[in-house]
Each structure stands twice: as C-alpha cells, then as structure tokens.
Amino acid sequence: MSAKRTEEIAVAVDTEQLIKDTAKKIFFGEGRFNATTQEIADAAGVNRTLINYYFRSRDNLFTIVFEEAQAKEHERTEMIVFADMPLRDKIAQYLDIMLEQSKDYPYLEIYMVTQMNQGCVYKDPETMNRMLDKFYLQIAIEMDKGNIAKMRPEQFLLNFISLTSFPVSMRPLLQETMGFSQESYDRLLEERKQIILDMLFINKDEL
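Number 197 marks the last residue of the sequence shown (our numbering); no jumps.
Below, the structure written as structure tokens:
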C-alpha cells in the first residue's frame, strides 16, 4: 500500500471518529436528541455530505453512537466485576467511572433507560448472567463477614443501582429544580461516592 493511500485511510478514520465524538457530545452531553445532520456537521467542522457518506443517515449515526456507548459500558462493567479485588473497591471504582462520565454526558444514562424500556439493549445474556453470579457470590461472602447488612443479594444490587443511577439519570431535572450550576452539581456528585459507600457497607469502627 502506498504512503498516500495509507494517509488517506488515516484521515478517513479520523474524520469518522470526529463525527461520532461530536454526535455523542451533542446527543448525550447537550441532550439535543433531535439535532440535525447539518448541526452535527457544523459542530464537527465537516461537510454535511460526509455524515451521509460515512453513516448513511443521521438516525444511523445516532444508533451507532448509542450502541458503542452501550457496548463500552458493558465491557467496563464486566472488567470491574471480574477483577481480583474486594467488593468495596469494585464499587468504588465503578462509582469513579460512572460519576465522571455523568459530567461529560449527563443525558446518556436517561437515554439508555428510555431505550431499555423499548427493548433496545446491549444483548449478551450469557455474560450478564456470569457477571450477576460473580457479583451475587461476592455480596454473599461480604454479608457473611459482616461487612454488609443481611439481605437478598438482589436487594443489595437494587440499592446500589438506585443510589448511583437516580442522581445521574435525573441530573438535568434535579440540577434545574434544585438550583445547581453545572459545577456545583458536579461537586454534589463527587460527594455521592463516599455517601454511597457508607450506606452500602458497615463501618465496624462505629459499632
């Protein structure tokens, strides 16, 4: 392959990624789910025809960006669940990633919820079942050690999801109604990590 052709391919890949990154920011960072092809092109600094060339349509671009975000979330969760570390550390690591992501893409979580309600989810039931089995086992072990209050592991997972997802998925509404700026709500979420850990795990020093 000639050097010129290699350069052309590299430019094409960069342009395609630029369009996807821009669309993700518009859709999930700004919540503009109805943004037009022209608006995406203008934000990316490219010709509108390039979006049709790489992705065929604005709706297809939206689908690709969303599916990639879902797949990345699934892979990240899988990596944490199967990591060789204590449960508390796993949850702390997940919270770091989740809360950091919510700063850049505050509308991603709520869009995922709406899509799941319509059956549009990243489908890998085998891996999901393996993750749940691993997670439930580790929860049960921590309960036996007295580090977690006794309950069904599913209830612990529901508590974890509720404490984490609600302030993230409801961020646009809560930020507006509670009178927070972008920066002040970011700080509020940063405080959530320790609060969530303290609510989920028993601090034996306080007993």
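Just so you know, even glycine gets a beta-carbon here, dropped at the ideal spot from N, CA and C.
Burial of A13 is indicated by the presence of at least 16 other C-beta atoms within 10 angstroms of its C-beta. Counting along the chain, F146 sits inside the alpha helix (DSSP H) bounded by residues 143 to 159.
Residue state for M168 is assigned as coil, using DSSP reduced to three classes. Inter-segment contact for the stretch 128 to 138 and the stretch 63 to 81 is present: three or more beta-carbon pairs are separated by less than 8 Å. Taking the CA atoms as reference points, M118 sits about 32 Å from R177. Non-local C-beta neighbours of I100 in its own chain, meaning closer than 7 Å and more than five positions away in sequence, comprise S159, ordered along the chain. Measuring C-alpha to C-alpha distances from L98 to each of R38, E20, V36 identifies E20 as the nearest. Look at T26 here: in three-state DSSP terms it is coil, with no helix or strand label. Within the same chain, L164, L178, L179, R182 come within 8 Å of P157 by CB-CB distance, once the 5 residues on both sides are set aside.
Put simply, the backbone Cα of L85 is about 31 Å away from that of D49. The beta carbon of L8 sits closer than 6 Å to the beta carbons of A34 from its chain, once the five residues preceding and following it are set aside; these are given in chain order. Note that the C-beta distance between Q105 and F150 is not below 8 Å.
Inclusion of T67 and L40 in the CB contact set at 8 Å is not warranted, their separation being larger than that value. In the three-state DSSP reduction, Y95 falls in the coil class, being neither helix nor strand. Every unbroken stretch of the alpha helix (DSSP H) spanning 4 or more residues and falling wholly within the stretch 18 to 96 is given here in chain order: 27 to 34, 38 to 45, 48 to 71, 77 to 94.
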